[in-house]
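Enquirer:
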Amino acid sequence: MKTGFNFAYLDEATKRMIRRKILKAVCIPGYQCPFGGREMPLAYGWGTGGMQVTASIIGKQDILKVIDQGADDTTNAVSIKNFFKRVCNIMTTDRTTEASLIQTRHRIPETTLNKDQIIVYQVPQPEPLRKLEPKEKETRKLHAYKEYALMHVKLYEEISQFGSVIKTWAYPVETNNRYITDPTPIPKFDNPKMNNMEALQLFGAGREKRIYAIPPYTKVKSLDFDDHPFEIQTWDECCSICGSTKSYLDEIIINNEGKKNFICSDTDFCKSNLEKNK
Amino acid sequence: MYVAVKGGEKAIKSSLKLLEKKRKETGTKSIEINQIKEQLSFAVDRVINEGSLYDKDLSALAIKQSQGDLVEAIFLLRAYRTTLERYAYSTAIDTSKIIIKRRISASFKDIPGGQILGPTFDYSHRLLDFSLMKEDEINSYENINNQEPKNKEFPSVIDYLNNENLLEQEINNLNDNPFDVTRDPMKFPASRDQWMQILARGDEGFLLGLSYSAIRGFGSKGTHPFVGEIKYGIVDIFISPDELGFEICIGEIEISECQMIDQFAGNKNTPPQFTRGYGLTFGYNERKSMAISIVDRALKSEGYGEEIKFPIQDQEFVLYHADNVEAQGFVTHLKLPHYVDFQGELNLIRKLRNEILQGKKL
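For the record, the sequence lines run as chains A and B.
Everything in the first sequence is counted per the working numbering, starting at 1 for the first residue and increasing by one.
Everything in the second sequence is counted per the working numbering, starting at 1001 for the first residue and increasing by one.
(1) The beta strand (DSSP E) with Ser1289 (chain B) in it runs from where to where?
(2) Ile1012 (chain B) versus chain A: which residues are under 9 Å apart at the beta carbon?
(3) If you follow the alpha helix (DSSP H) that Phe1317 (chain B) is part of, which residue opens it and which one closes it?
(4) Leaving out five residues on either side along the sequence, give the residues of the same chain with a beta carbon under 6 Å from the beta carbon of Asp1099 (chain B).
(5) So Ile1230 (chain B) packs on Glu1286 (chain B), CB below 8 Å; how close in whole Å?
(6) Give me the Cα-Cα distance between Ala1092 (chain B) and Phe1238 (chain B), rounded to the nearest whole angstrom.
(7) Under the assumption that Phe35 (chain A) contacts Val87 (chain A) (Cβ atoms under 8 Å), give the Cβ distance between them as a whole number of angstroms.
(8) Cβ of Gln32 (chain A) less than 8 Å from any chain B Cβ?
(9) Measure the CB-CB distance between Glu1326 (chain B) and Arg207 (chain A) and report whether it falls below 8 Å.
(10) What separation, rounded to the nearest whole angstrom, lies between the Cα atoms of Lys193 (chain A) and Tyr212 (chain A)?
(11) Got a sec: is the Cβ-Cβ distance from Met91 (chain A) to anything in chain B below 8 Å?
(12) Which same chain residues end up closer than 6 Å to Gly50 (chain A) when comparing Cβ atoms and leaving out the 5 residues on each side of it in sequence?
(13) Using only alpha-carbon positions, find the residue among B:Gly1219, B:Glu1306 and B:Ile1292 that is nearest to Arg1201 (chain B).
(14) Could you have a look at Gly1283 (chain B) and say whether DSSP puts it in helix, strand or coil?
(15) Which residues in chain A sit within 7 Å of Pro1112 (chain B), going by Cβ to Cβ distance?
(16) Indicate whether at least one CB of chain A lies closer than 8 Å to the CB of Tyr1123 (chain B).
(17) Quick check on the burial criterion: 16 or more other C-beta atoms within 10 angstroms. Buried or exposed for Cys27 (chain A)?
(18) Which ranges would you report for the alpha helix (DSSP H) in the segment 69 to 121 of chain A if only whole runs of at least 4 residues count?
(19) Unbroken beta strand (DSSP E) runs of length 3 or more, entirely within the segment 170 to 221 of chain A: which are they?
(20) Output yes if chain B places a C-beta closer than 8 Å to the C-beta of Ile67 (chain A); else output no.
(21) Please confirm if Asn1163 (chain B) has its CB atom under 8 Å from at least one CB of chain A.
(22) Output, in chain order, the set of chain B residues within a Cβ distance shorter than 8 Å of Thr168 (chain A).
(23) Closer than 7 Å, Cβ to Cβ, to anything on chain B: give me those residues from the segment 39 to 57 of chain A, in chain order.
(24) Enumerate in chain order the residues of its own chain whose CB-to-CB distance from Leu1161 (chain B) is below 6 Å, with the five nearest sequence positions on each side excluded.
(25) Under 8 Å, do Asp182 (chain A) and Val1340 (chain B) count as touching if we go by C-beta distance?
(26) What distance in whole Å lies between the Cβ atoms of Asp236 (chain A) and Arg107 (chain A), which are believed to be in contact at a cut-off of 8 Å?
(27) Give the secondary structure of Phe1226 (chain B) by DSSP, where H, G and I count as helix, E and B as strand, and everything else as coil.
(28) When the Cα of Phe1206 (chain B) is compared with those of B:Asp1057, B:Gln1315, B:Glu1355 and B:Asn1324, which residue comes out closest?
(29) Taking Leu1040 (chain B) as the reference, which of B:Asp1069, B:Lys1022, B:Gly1228 and B:Phe1330 has the closest Cα?
(30) Quick one: which residues of the segment 240 to 254 of chain A get their C-beta closer than 8 Å to a C-beta of chain B? List them in chain order.
(31) DSSP has Ile253 (chain A) in a bridge; who is on the other side?
(32) For the alpha helix (DSSP H) containing Ile1063 (chain B), list its first residue and its last residue.
(33) Would you kindly check if the distance between the Cβ of Thr1120 (chain B) and the Cβ of Glu1257 (chain B) is under 8 Å?
(34) Any contact between the segment 12 to 27 of chain A and the segment 72 to 92 of chain A? By contact I mean 3 or more CB pairs, one from each, below 8 Å.
(35) Do you know how far the Cα of Lys60 (chain A) is from the Cα of Tyr1304 (chain B)?
(36) Give me the subset of the segment 215 to 233 of chain A whose CB atoms are less than 9 Å from a CB atom of chain B, sorted by chain position.
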């Protein structure tokens, strides 16, 4: 099939440049590597960073899965998947277990990832300290000196005011005992999956032009205090489709009276779970 | 059950069809690229600037394809430009060697080479011309009473101030490896080549607003810049390939240039002096070149040791937010589903409310 574009859209020199940055990022887990991010035919903030990482590492043998908010069939996930089908002519899948490469926005699949898989996160804001210090010049220094008091004080203040840390997504983590890292806007429910994950985790921020990585089997710790340990979200309800009590649930309003139902955010997990239970 | 966002494949197809239908609603005649190029030339020039690709045909195509949404057209052009290979960097253009179309100075009544008004809306009365509602065939415009300027060289007017050292020196040492905002990630403190590129492709509205804020009161105090010179014309582009060792001309481009004169109170090492603000754009974008020149001067504040008080002086504020392809992308990403994150917030707010309400009961 002729597309009129290079395999995976980017030219080979650009892909090589990005791969070099990825190697650097893998060597310094959690460190944000600046890279010469390119413009993509997708809007900034819609996954251009993840797309560039995917484009630079994808091969003809790869089987790609793209999810957004946990689902394979959301519009933006479909659009990105179609893009790679068009410029790579590769296989895609909805099955987490079949995929060799998973690009995601805001979720980590419920199914445990293995060592032969790579997960690529789309990153809106790579700098976990940005909300506390707007200047890049300053935050780079804070990371260099491992000066993270700002963040700890912030968490402490939340506990003193609300009784607990009130960050429910993009909950900051410490990678490999060194860098405080933004896990991207995944729910804190997903944070524990990042710890010692067998799969390589790559993070691409297109607009901010940063790549970072968490190599396989790396310690990833959600920030907390001894007397206020990190906790994940729980639900009293179960998934109304597959009955799961272990997955992250989306809340759905099903009628005009505001009646609620809960279903798995991870559509593939929900489907597999349902098949298994039959 | 829930189909609002999921089931995207079919929805996208229909959406694209509806978009195409919007363009062809009543089946009017298709606009030709040349018509856009000539009759909407200012739009075309805006798009080549912010799309940062000097190709008026593709710019016109992008405007047609985006149905006149210029930010979308700029985005289309950028997404095309990014796939092009980089063959060479041009040498610095010499704007004194220019086929001049317009050139004015607001600082000097008369200037060598003369003031040339050229094509401008400035002195048109902004009254709707109802005759254009139904215009007959456009005949190629006769070259009536149009005196071509005789001069071939137009040295920078404000350099006359140099003779008395009244004006700061412009940087002479040209960097052989200029910063390339299309290839290098942003770094701070930003260098001038870096910010000039960002401003050149920055959003016109954003830069206009910023420059307005500075001269209205949210800029260095008490200063009112003066237009030293504005030029609009055609310059040659040269490259100097290593294997040749000499310069060859590869084409010509239209440019707009603005040199603004501003004040500087001086410090321990330097007596009071005029300072410069510089703006350069592709095509005919005079308003934007003026805005850039004001922002450029403000960004130099830090280098002069001036107090940084206002947004326009703040490098990170200006440079991170000037690009409309980045800005529109990130603002509009808010319409992507966020229900996983929102669920987290929902859970939290219920929990917090419960704790408080139960606490009250006790």
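We put the beta carbon where it would ideally sit given N, CA and C, even for glycine.
Expert: The relevant details are as follows:
(1) Mapped onto the second sequence, residue 1289 (chain B) falls at position 289. Here Ser1289 (chain B) belongs to no beta strand (DSSP E); instead the alpha helix (DSSP H) covers Glu1286 to Leu1299.
(2) Walking along the second sequence from the start, residue 1012 (chain B) turns up at place 12. Near Ile1012 (chain B) (Cβ distances below 9 Å), the residues of chain A are Thr75, Val78, Ser79 and Asn82.
(3) Counting from 1 along the second sequence, the entry for residue 1317 (chain B) is found at position 317. Taken as a continuous stretch (DSSP letters only), the alpha helix (DSSP H) holding Phe1317 (chain B) covers Gln1315 to His1321.
(4) Counted from its first residue, the second sequence places residue 1099 (chain B) at position 99. The residue asked about is misnamed: residue 1099 (chain B) is Ile in this sequence, not Asp. So the list reads Gly1233 and Ile1234, once near-sequence residues are dropped.
(5) Locating residue 1230 (chain B) in the second sequence gives position 230, where the first residue counts as 1. Locating residue 1286 (chain B) in the second sequence gives position 286, where the first residue counts as 1. Indeed they touch by this definition, with Cβ atoms about 6 Å apart.
(6) What you label residue 1092 (chain B) is simply residue 92 of the second sequence in a count that begins at 1. What you label residue 1238 (chain B) is simply residue 238 of the second sequence in a count that begins at 1. Roughly 8 Å between the two C-alpha positions.
(7) Locating residue 35 (chain A) in the first sequence gives position 35, where the first residue counts as 1. Locating residue 87 (chain A) in the first sequence gives position 87, where the first residue counts as 1. Between Val87 (chain A) and Phe35 (chain A) the Cβ distance is about 20 Å, and since that is not below 8 Å, they are no contact.
(8) As a working note, residue 32 (chain A) is residue 32 in the first sequence. False, the Cβ-Cβ gap to chain B never drops below 8 Å.
(9) Stepping through the second sequence from its first residue, residue 1326 (chain B) is reached at position 326. Stepping through the first sequence from its first residue, residue 207 (chain A) is reached at position 207. The answer is yes: Cβ separation under 8 Å.
(10) Working through the first sequence from its first residue, we reach residue 193 (chain A) at position 193. Working through the first sequence from its first residue, we reach residue 212 (chain A) at position 212. Distance between Lys193 (chain A) and Tyr212 (chain A), taken at the CA atoms: about 17 Å.
(11) If you number the first sequence from 1, residue 91 (chain A) lands on position 91. No, Met91 (chain A) does not count as interfacial toward chain B.
(12) Along the first sequence, one-based indexing puts residue 50 (chain A) at 50. Closer than 6 Å at the Cβ level, and outside the excluded window around Gly50 (chain A), lie Gln103, Val120, Gln122 and Gly204.
(13) On the second sequence, position 201 is the one that residue 1201 (chain B) refers to. The shortest Cα separation from Arg1201 (chain B) among B:Gly1219, B:Glu1306 and B:Ile1292 belongs to B:Ile1292.
(14) Walking along the second sequence from the start, residue 1283 (chain B) turns up at place 283. If DSSP states are grouped into helix, strand and coil, Gly1283 (chain B) belongs with coil.
(15) One-based indexing of the second sequence puts residue 1112 (chain B) at position 112. In chain order: nothing, as chain A lies at least about 43 Å away.
(16) Along the second sequence, one-based indexing puts residue 1123 (chain B) at 123. Chain A, which has no Cβ nearer than 8 Å to the Cβ of Tyr1123 (chain B), makes this no.
(17) One-based indexing of the first sequence puts residue 27 (chain A) at position 27. Exposed: under 16 other Cβ atoms inside 10 Å.
(18) Runs of alpha helix (DSSP H) with 4 or more residues, each lying fully within the segment 69 to 121 of chain A, are found at 75 to 88, listed in chain order.
(19) 173 to 175, 179 to 181, 200 to 205 and 210 to 214
(20) For the purposes of this step, residue 67 (chain A) is taken as residue 67 along the first sequence, with counting starting at 1. It does not: the Cβ of Ile67 (chain A) has no partner Cβ on chain B nearer than 8 Å.
(21) Start at 1 with the first residue of the second sequence, and residue 1163 (chain B) comes out as number 163. No, Asn1163 (chain B) lies away from the interface with chain A (no Cβ there is under 8 Å from its Cβ).
(22) Mapped onto the first sequence, residue 168 (chain A) falls at position 168. One finds Asp1341, Gly1344, Glu1345, Asn1347 and Leu1348 in chain B with Cβ atoms closer than 8 Å to the Cβ of Thr168 (chain A), taken in chain order.
(23) Glu39, Met40, Pro41, Ala43, Tyr44, Gly45 and Trp46
(24) Taking the second sequence and counting its residues from 1, one reaches residue 1161 (chain B) at position 161. Result list for Leu1161 (chain B): Leu1167, in chain order.
(25) Mapped onto the first sequence, residue 182 (chain A) falls at position 182. Mapped onto the second sequence, residue 1340 (chain B) falls at position 340. In this structure, Val1340 (chain B) does not lie closer than 8 Å to Asp182 (chain A) by Cβ.
(26) Walking along the first sequence from the start, residue 107 (chain A) turns up at place 107. Walking along the first sequence from the start, residue 236 (chain A) turns up at place 236. Incorrect: roughly 21 Å between the Cβ atoms, too far for contact.
(27) On the second sequence, position 226 is the one that residue 1226 (chain B) refers to. The answer is strand: DSSP assigns Phe1226 (chain B) an E or B state.
(28) In the second sequence, counting from the first residue as 1, residue 1206 (chain B) sits at position 206. Out of B:Asp1057, B:Gln1315, B:Glu1355 and B:Asn1324, B:Asn1324 has the C-alpha closest to the C-alpha of Phe1206 (chain B).
(29) On the second sequence, position 40 is the one that residue 1040 (chain B) refers to. Considering only alpha carbons, the answer is B:Asp1069.
(30) Tyr248, Leu249, Asp250, Glu251, Ile252 and Ile254
(31) Here residue 253 (chain A) is taken as the residue at index 253 of the first sequence, counted from 1. A:Lys260, per the DSSP bridge assignment.
(32) As a working mapping, residue 1063 (chain B) is identified with position 63 in the second sequence. Per DSSP, Ile1063 (chain B) is one residue of the alpha helix (DSSP H) stretching across Lys1056 to Gln1065.
(33) In the second sequence, residue 1257 (chain B) corresponds to position 257, counting from 1. In the second sequence, residue 1120 (chain B) corresponds to position 120, counting from 1. Result no, Cβ atoms of Glu1257 (chain B) and Thr1120 (chain B) do not sit closer than 8 Å.
(34) no
(35) Locating residue 1304 (chain B) in the second sequence gives position 304, counting from the first residue. Locating residue 60 (chain A) in the first sequence gives position 60, counting from the first residue. Roughly 55 Å between the two C-alpha positions.
(36) Gln233
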